[in-house]
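Visitor: Here it is: the structure, laid out below.
Residue numbers (the working numbering): 740 to 1076.
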(Lines of atoms letter the chains of each structure in order from A and count residues from 1; the text may use other names and numbers.)
(Lines give C-alpha, C1' and ligand atoms only; values in the text may rest on other atoms or scores of the structure.)
Protein backbone atom coordinates (compact mmCIF):
# COMPACT_ATOMS: atom_id res chain seq x y z
CA UNK A 1 0.00 0.00 0.00
CA UNK A 2 1.36 3.44 -0.96
CA UNK A 3 2.01 5.61 2.09
CA UNK A 4 3.42 8.59 0.19
CA UNK A 5 5.00 9.59 -3.12
CA UNK A 6 7.81 12.13 -3.30
CA UNK A 7 8.61 13.50 -6.77
CA UNK A 8 12.27 14.43 -7.31
CA UNK A 9 12.45 17.38 -9.70
CA UNK A 10 15.43 18.16 -11.92
CA UNK A 11 16.61 14.88 -13.43
CA UNK A 12 15.69 16.16 -16.90
CA UNK A 13 16.67 19.83 -17.20
CA UNK A 14 16.43 21.29 -20.70
CA UNK A 15 17.89 24.79 -20.03
CA UNK A 16 14.97 26.11 -22.11
CA UNK A 17 14.95 29.68 -20.78
CA UNK A 18 18.73 30.08 -21.08
CA UNK A 19 18.67 28.77 -24.65
CA UNK A 20 16.02 31.34 -25.55
CA UNK A 21 18.03 34.18 -24.03
CA UNK A 22 21.09 33.20 -26.11
CA UNK A 23 19.33 33.22 -29.49
CA UNK A 24 20.00 35.94 -32.06
CA UNK A 25 16.31 36.48 -32.75
CA UNK A 26 12.80 35.37 -31.77
CA UNK A 27 12.37 32.95 -34.71
CA UNK A 28 15.30 30.82 -33.54
CA UNK A 29 13.40 29.92 -30.34
CA UNK A 30 10.76 27.88 -32.21
CA UNK A 31 12.82 24.64 -32.57
CA UNK A 32 13.38 24.69 -28.79
CA UNK A 33 9.63 24.86 -28.13
CA UNK A 34 9.26 21.77 -30.38
CA UNK A 35 11.48 19.85 -27.99
CA UNK A 36 9.38 20.55 -24.90
CA UNK A 37 6.38 18.29 -25.46
CA UNK A 38 7.78 16.38 -28.43
CA UNK A 39 4.55 14.37 -28.71
CA UNK A 40 2.63 17.60 -29.41
CA UNK A 41 5.24 19.88 -30.98
CA UNK A 42 2.72 21.79 -33.12
CA UNK A 43 0.88 22.81 -29.93
CA UNK A 44 4.15 24.01 -28.38
CA UNK A 45 5.02 26.15 -31.40
CA UNK A 46 1.55 27.66 -31.52
CA UNK A 47 1.57 29.08 -28.00
CA UNK A 48 4.96 30.73 -28.51
CA UNK A 49 4.34 32.28 -31.94
CA UNK A 50 0.93 33.61 -30.86
CA UNK A 51 2.61 35.30 -27.90
CA UNK A 52 5.28 36.99 -30.03
CA UNK A 53 2.69 38.03 -32.62
CA UNK A 54 0.65 39.61 -29.83
CA UNK A 55 3.74 41.48 -28.62
CA UNK A 56 4.33 42.72 -32.18
CA UNK A 57 0.67 43.63 -32.66
CA UNK A 58 0.38 41.79 -35.98
CA UNK A 59 -2.60 39.93 -37.43
CA UNK A 60 -1.95 36.81 -39.52
CA UNK A 61 -4.00 35.92 -42.65
CA UNK A 62 -7.19 33.88 -42.24
CA UNK A 63 -5.66 30.95 -44.10
CA UNK A 64 -2.90 30.78 -41.51
CA UNK A 65 -5.40 30.71 -38.63
CA UNK A 66 -7.38 27.82 -40.12
CA UNK A 67 -4.26 25.81 -41.03
CA UNK A 68 -3.00 26.28 -37.47
CA UNK A 69 -6.27 24.87 -36.15
CA UNK A 70 -6.07 21.90 -38.53
CA UNK A 71 -2.48 21.12 -37.58
CA UNK A 72 -2.92 21.47 -33.81
CA UNK A 73 -6.07 19.34 -33.79
CA UNK A 74 -4.37 16.63 -35.84
CA UNK A 75 -1.50 16.90 -33.37
CA UNK A 76 -3.95 16.55 -30.46
CA UNK A 77 -5.18 13.26 -31.96
CA UNK A 78 -1.62 12.01 -32.53
CA UNK A 79 -0.66 12.99 -28.97
CA UNK A 80 -3.70 11.31 -27.44
CA UNK A 81 -2.89 8.13 -29.36
CA UNK A 82 0.54 8.18 -27.68
CA UNK A 83 -1.25 8.64 -24.34
CA UNK A 84 -3.87 5.92 -24.83
CA UNK A 85 -1.85 3.17 -26.54
CA UNK A 86 0.93 2.97 -23.92
CA UNK A 87 -1.69 3.40 -21.17
CA UNK A 88 -3.33 0.21 -22.41
CA UNK A 89 0.10 -1.37 -22.47
CA UNK A 90 0.65 -0.33 -18.84
CA UNK A 91 -2.54 -2.16 -17.91
CA UNK A 92 -1.61 -5.24 -19.94
CA UNK A 93 -3.39 -4.72 -23.29
CA UNK A 94 -0.88 -5.04 -26.14
CA UNK A 95 -3.02 -5.04 -29.30
CA UNK A 96 -4.61 -1.56 -28.89
CA UNK A 97 -1.11 -0.10 -28.63
CA UNK A 98 -0.29 -1.44 -32.11
CA UNK A 99 -3.59 -0.23 -33.58
CA UNK A 100 -3.19 3.29 -32.20
CA UNK A 101 0.41 3.69 -33.36
CA UNK A 102 -0.62 2.40 -36.79
CA UNK A 103 -3.19 5.20 -37.05
CA UNK A 104 -0.84 7.82 -35.61
CA UNK A 105 1.53 7.11 -38.49
CA UNK A 106 -1.09 8.46 -40.90
CA UNK A 107 -1.05 11.82 -39.13
CA UNK A 108 2.75 11.88 -39.10
CA UNK A 109 2.64 11.18 -42.85
CA UNK A 110 0.50 14.31 -43.29
CA UNK A 111 2.95 16.37 -41.23
CA UNK A 112 5.90 14.98 -43.18
CA UNK A 113 4.28 15.91 -46.48
CA UNK A 114 3.77 19.44 -45.16
CA UNK A 115 7.13 20.30 -43.58
CA UNK A 116 9.42 17.29 -44.04
CA UNK A 117 9.44 16.28 -40.37
CA UNK A 118 7.57 13.65 -38.36
CA UNK A 119 8.27 14.72 -34.77
CA UNK A 120 9.82 18.22 -34.48
CA UNK A 121 8.38 20.51 -37.11
CA UNK A 122 9.43 24.18 -36.95
CA UNK A 123 6.31 24.79 -39.08
CA UNK A 124 4.53 27.65 -37.27
CA UNK A 125 6.59 30.78 -37.73
CA UNK A 126 6.10 34.25 -36.30
CA UNK A 127 3.72 35.91 -38.76
CA UNK A 128 2.49 32.71 -40.38
CA UNK A 129 3.82 29.35 -41.57
CA UNK A 130 7.15 28.17 -42.97
CA UNK A 131 5.32 27.34 -46.22
CA UNK A 132 1.88 26.52 -47.61
CA UNK A 133 0.17 23.12 -47.78
CA UNK A 134 1.37 20.98 -50.71
CA UNK A 135 -0.93 20.09 -53.59
CA UNK A 136 -3.37 17.31 -52.76
CA UNK A 137 -2.80 17.60 -49.01
CA UNK A 138 -6.36 18.75 -48.18
CA UNK A 139 -7.85 15.70 -49.89
CA UNK A 140 -5.50 13.39 -47.98
CA UNK A 141 -6.46 15.06 -44.69
CA UNK A 142 -10.16 14.59 -45.53
CA UNK A 143 -9.47 10.93 -46.29
CA UNK A 144 -7.84 10.58 -42.88
CA UNK A 145 -10.93 12.00 -41.13
CA UNK A 146 -13.15 9.48 -42.93
CA UNK A 147 -10.74 6.67 -42.09
CA UNK A 148 -10.19 7.54 -38.43
CA UNK A 149 -13.71 7.95 -37.00
CA UNK A 150 -14.58 4.22 -37.31
CA UNK A 151 -11.25 3.39 -35.67
CA UNK A 152 -12.34 5.12 -32.46
CA UNK A 153 -15.22 2.64 -32.20
CA UNK A 154 -12.66 -0.10 -32.69
CA UNK A 155 -10.59 1.24 -29.77
CA UNK A 156 -13.71 1.27 -27.60
CA UNK A 157 -14.58 -2.31 -28.53
CA UNK A 158 -11.15 -3.76 -27.78
CA UNK A 159 -10.02 -1.55 -24.87
CA UNK A 160 -12.30 1.16 -23.45
CA UNK A 161 -15.15 -1.20 -22.55
CA UNK A 162 -13.00 -4.25 -21.91
CA UNK A 163 -14.04 -5.68 -18.53
CA UNK A 164 -10.47 -6.17 -17.26
CA UNK A 165 -9.45 -2.65 -18.35
CA UNK A 166 -12.45 -1.13 -16.57
CA UNK A 167 -11.71 -3.02 -13.35
CA UNK A 168 -8.10 -1.81 -13.42
CA UNK A 169 -9.07 1.86 -14.00
CA UNK A 170 -12.48 2.52 -12.42
CA UNK A 171 -12.35 4.11 -8.93
CA UNK A 172 -8.54 4.23 -9.17
CA UNK A 173 -6.72 7.54 -8.70
CA UNK A 174 -9.89 9.58 -8.15
CA UNK A 175 -9.17 13.30 -8.54
CA UNK A 176 -11.89 15.50 -6.97
CA UNK A 177 -12.61 18.77 -8.83
CA UNK A 178 -11.49 21.01 -5.96
CA UNK A 179 -8.15 19.21 -5.67
CA UNK A 180 -7.63 19.43 -9.45
CA UNK A 181 -8.23 23.19 -9.36
CA UNK A 182 -6.05 23.69 -6.28
CA UNK A 183 -3.11 21.97 -7.98
CA UNK A 184 -3.51 23.89 -11.25
CA UNK A 185 -4.46 20.81 -13.26
CA UNK A 186 -5.77 21.45 -16.76
CA UNK A 187 -6.70 19.75 -20.01
CA UNK A 188 -8.09 16.18 -19.92
CA UNK A 189 -6.82 15.88 -16.33
CA UNK A 190 -9.15 18.69 -15.21
CA UNK A 191 -12.04 17.89 -17.53
CA UNK A 192 -11.83 14.23 -16.48
CA UNK A 193 -12.89 15.44 -13.03
CA UNK A 194 -16.01 17.02 -14.53
CA UNK A 195 -14.74 20.63 -14.62
CA UNK A 196 -16.07 22.27 -17.79
CA UNK A 197 -13.04 24.36 -18.81
CA UNK A 198 -11.39 24.45 -22.23
CA UNK A 199 -9.34 27.43 -23.43
CA UNK A 200 -10.38 26.81 -27.03
CA UNK A 201 -13.89 27.83 -26.00
CA UNK A 202 -13.43 29.85 -22.80
CA UNK A 203 -10.40 31.99 -23.77
CA UNK A 204 -10.11 31.48 -27.55
CA UNK A 205 -6.82 32.21 -29.28
CA UNK A 206 -7.94 30.96 -32.72
CA UNK A 207 -11.42 31.07 -34.37
CA UNK A 208 -12.75 27.87 -32.79
CA UNK A 209 -16.18 29.51 -32.49
CA UNK A 210 -16.73 28.93 -36.20
CA UNK A 211 -16.95 25.17 -35.70
CA UNK A 212 -19.39 22.85 -33.98
CA UNK A 213 -17.69 20.86 -31.21
CA UNK A 214 -17.99 20.24 -27.48
CA UNK A 215 -15.42 19.93 -24.67
CA UNK A 216 -15.60 16.42 -23.17
CA UNK A 217 -15.98 15.82 -19.42
CA UNK A 218 -15.61 12.88 -17.06
CA UNK A 219 -19.03 11.43 -16.24
CA UNK A 220 -18.31 8.76 -13.64
CA UNK A 221 -19.76 6.08 -15.91
CA UNK A 222 -17.70 3.18 -14.58
CA UNK A 223 -16.80 4.49 -11.12
CA UNK A 224 -16.31 7.84 -9.42
CA UNK A 225 -16.04 11.03 -11.47
CA UNK A 226 -12.38 11.85 -11.96
CA UNK A 227 -11.02 8.32 -11.85
CA UNK A 228 -8.40 6.92 -14.23
CA UNK A 229 -11.06 5.54 -16.60
CA UNK A 230 -12.68 8.98 -16.89
CA UNK A 231 -9.35 10.60 -17.77
CA UNK A 232 -8.74 7.93 -20.38
CA UNK A 233 -12.22 8.27 -21.87
CA UNK A 234 -12.06 12.08 -22.07
CA UNK A 235 -9.06 11.71 -24.40
CA UNK A 236 -10.88 9.13 -26.55
CA UNK A 237 -13.86 11.46 -26.95
CA UNK A 238 -11.62 14.48 -27.54
CA UNK A 239 -10.22 12.69 -30.58
CA UNK A 240 -13.75 12.48 -32.00
CA UNK A 241 -14.20 16.21 -31.42
CA UNK A 242 -10.84 16.99 -33.03
CA UNK A 243 -11.85 15.03 -36.13
CA UNK A 244 -15.06 17.11 -36.26
CA UNK A 245 -13.06 20.34 -36.02
CA UNK A 246 -10.52 19.28 -38.66
CA UNK A 247 -13.24 18.19 -41.13
CA UNK A 248 -15.06 21.52 -40.75
CA UNK A 249 -11.83 23.53 -40.98
CA UNK A 250 -10.79 21.72 -44.17
CA UNK A 251 -14.18 22.53 -45.70
CA UNK A 252 -13.81 26.22 -44.77
CA UNK A 253 -10.12 26.64 -45.65
CA UNK A 254 -9.78 29.99 -47.46
CA UNK A 255 -7.26 30.86 -50.14
CA UNK A 256 -4.56 33.40 -49.43
CA UNK A 257 -1.04 34.03 -48.29
CA UNK A 258 0.55 32.14 -45.40
CA UNK A 259 2.83 34.92 -44.19
CA UNK A 260 1.91 38.29 -42.72
CA UNK A 261 3.99 41.37 -43.52
CA UNK A 262 6.46 41.46 -40.64
CA UNK A 263 9.80 43.26 -40.28
CA UNK A 264 12.86 41.28 -41.33
CA UNK A 265 14.39 41.94 -37.92
CA UNK A 266 11.77 41.23 -35.24
CA UNK A 267 12.07 43.73 -32.39
CA UNK A 268 8.96 43.88 -30.19
CA UNK A 269 8.51 46.98 -28.08
CA UNK A 270 9.67 46.64 -24.49
CA UNK A 271 6.99 44.90 -22.46
CA UNK A 272 5.72 41.51 -21.38
CA UNK A 273 2.71 39.23 -21.78
CA UNK A 274 1.38 35.81 -20.88
CA UNK A 275 -0.06 33.75 -23.73
CA UNK A 276 -1.95 30.53 -23.01
CA UNK A 277 -3.29 27.85 -25.32
CA UNK A 278 -4.98 24.46 -24.89
CA UNK A 279 -2.32 21.88 -25.70
CA UNK A 280 -2.94 18.13 -25.68
CA UNK A 281 -2.09 18.05 -21.95
CA UNK A 282 -3.76 21.26 -20.84
CA UNK A 283 -2.94 24.92 -20.39
CA UNK A 284 0.40 25.70 -22.00
CA UNK A 285 1.56 29.19 -21.10
CA UNK A 286 4.41 31.37 -22.34
CA UNK A 287 5.45 34.42 -20.35
CA UNK A 288 7.52 36.51 -22.78
CA UNK A 289 9.53 39.57 -21.75
CA UNK A 290 10.95 41.94 -24.39
CA UNK A 291 13.50 44.66 -23.69
CA UNK A 292 13.10 46.14 -27.16
CA UNK A 293 16.02 44.26 -28.72
CA UNK A 294 15.99 41.44 -31.28
CA UNK A 295 16.80 38.87 -28.58
CA UNK A 296 14.20 37.74 -26.00
CA UNK A 297 14.99 39.03 -22.52
CA UNK A 298 13.12 36.13 -20.92
CA UNK A 299 10.75 33.34 -21.98
CA UNK A 300 9.14 31.30 -19.21
CA UNK A 301 7.09 28.23 -20.14
CA UNK A 302 4.20 27.02 -17.98
CA UNK A 303 3.99 23.26 -18.46
CA UNK A 304 0.60 21.56 -18.04
CA UNK A 305 2.30 18.17 -17.59
CA UNK A 306 4.36 19.54 -14.68
CA UNK A 307 1.25 20.80 -12.86
CA UNK A 308 -0.74 17.65 -13.62
CA UNK A 309 2.05 15.41 -12.33
CA UNK A 310 2.28 17.41 -9.08
CA UNK A 311 -1.10 16.02 -7.99
CA UNK A 312 0.14 12.39 -8.16
CA UNK A 313 0.89 12.09 -4.39
CA UNK A 314 -2.62 13.33 -3.54
CA UNK A 315 -4.46 10.79 -5.70
CA UNK A 316 -2.14 7.80 -5.19
CA UNK A 317 -1.88 7.64 -1.37
CA UNK A 318 -3.59 4.55 -0.02
CA UNK A 319 -3.59 2.74 -3.36
CA UNK A 320 -1.77 -0.44 -4.31
CA UNK A 321 1.66 -0.05 -5.89
CA UNK A 322 0.29 -1.77 -9.03
CA UNK A 323 -2.33 0.98 -9.26
CA UNK A 324 0.33 3.71 -9.29
CA UNK A 325 1.25 2.49 -12.78
CA UNK A 326 -2.37 3.05 -13.85
CA UNK A 327 -2.65 6.44 -12.14
CA UNK A 328 0.58 7.83 -13.58
CA UNK A 329 -0.36 6.49 -17.02
CA UNK A 330 -3.72 8.24 -16.83
CA UNK A 331 -1.99 11.58 -16.14
CA UNK A 332 -0.17 11.42 -19.52
CA UNK A 333 3.09 13.22 -18.81
CA UNK A 334 5.85 14.15 -21.23
CA UNK A 335 8.91 14.82 -19.13
CA UNK A 336 10.62 16.98 -21.74
CA UNK A 337 7.92 19.58 -21.08
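Built from N, CA and C at the ideal position, the CB exists for glycine as well.
Got a sec? Which residues, its chain only, sit under 8 angstroms from residue 930 by beta carbon, not counting five neighbours each side?
Guide: Position 191 of the chain shown, counting from 1, holds the residue named residue 930. Here the set comprises 936, 937, 954, 955, 956, 957 and 973.
Visitor: Only counting the same chain, and skipping five residues up and downstream in sequence, which positions put a Cβ closer than 8 angstroms to that of residue 1066?
Guide: Locating residue 1066 in the chain shown gives position 327, where the first residue counts as 1. Cβ within range, chain order: 911, 912, 967, 1051, 1054, 1055 and 1058.
Visitor: How would you call residue 786, buried or exposed, if buried means at least 16 neighbouring beta carbons within 10 angstroms?
Guide: Indexing the chain shown from 1 puts residue 786 at position 47. By the neighbour-count rule (16 or more Cβ atoms within 10 Å), residue 786 is buried.
Visitor: Identify every residue that forms a DSSP beta bridge with residue 864.
Guide: Position 125 of the chain shown holds residue 864. Answer is 867, bridged to residue 864.
Visitor: Here's the rule: buried if 16 or more other CB atoms are within 10 angstroms of the residue's CB, otherwise exposed. What is residue 995?
Guide: Residue numbering aside, residue 995 sits at position 256 when the chain shown is read from its first letter. Counting Cβ neighbours within 10 Å, residue 995 comes out exposed, since fewer than 16 surround it.
Visitor: Check this for me: beta carbons of residue 1100 and residue 777, under 8 angstroms apart or not?
Guide: Residue 1100 falls outside the range modelled here, since the chain spans only 740 to 1076, and no answer is possible.
Visitor: Pull up the CB-CB distance for residue 997 and residue 802, whole angstroms please, since I reckon it's below 8 angstroms.
Guide: Taking the first residue of the chain shown as position 1, residue 997 is located at position 258. Taking the first residue of the chain shown as position 1, residue 802 is located at position 63. The pair is a contact, with the Cβ atoms about 6 angstroms apart (cut-off 8 angstroms).
Visitor: Quick check on residue 880: buried or exposed, where buried means 16 or more other Cβ atoms within 10 Å of its Cβ?
Guide: Here residue 880 is taken as the residue at index 141 of the chain shown, counted from 1. Around the beta carbon of residue 880, 16 or more other beta carbons sit within 10 angstroms, so the residue counts as buried.
Visitor: Where do the ends of the beta strand (DSSP E) carrying residue 1039 lie?
Guide: Taking the first residue of the chain shown as 1, we reach residue 1039 at position 300. Start and end: 1037 to 1041.
Visitor: Where do the ends of the alpha helix (DSSP H) carrying residue 1053 lie?
Guide: Mapped onto the chain shown, residue 1053 falls at position 314. Taken as a continuous stretch (DSSP letters only), the alpha helix (DSSP H) holding residue 1053 covers 1051 to 1055.
Visitor: Using beta-carbon positions only, say whether residue 1038 and residue 768 come within less than 8 angstroms of one another.
Guide: In the chain shown, counting from the first residue as 1, residue 1038 sits at position 299. In the chain shown, counting from the first residue as 1, residue 768 sits at position 29. Going by C-beta atoms, residue 1038 is nearer than 8 angstroms to residue 768.
Visitor: In the DSSP assignment, find the unbroken beta strand (DSSP E) run with residue 938 in it and report its ends.
Guide: Locating residue 938 in the chain shown gives position 199, where the first residue counts as 1. Where residue 938 is concerned, there is no enclosing beta strand (DSSP E), although the alpha helix (DSSP H) it sits in stretches over 938 to 941.
Visitor: Over the uninterrupted alpha helix (DSSP H) stretch that includes residue 807, give me the two end residues.
Guide: Within the chain shown, residue 807 is the residue found at index 68, counting from 1. It spans 801 to 830 - the alpha helix (DSSP H) in which residue 807 sits, taken as one unbroken run.
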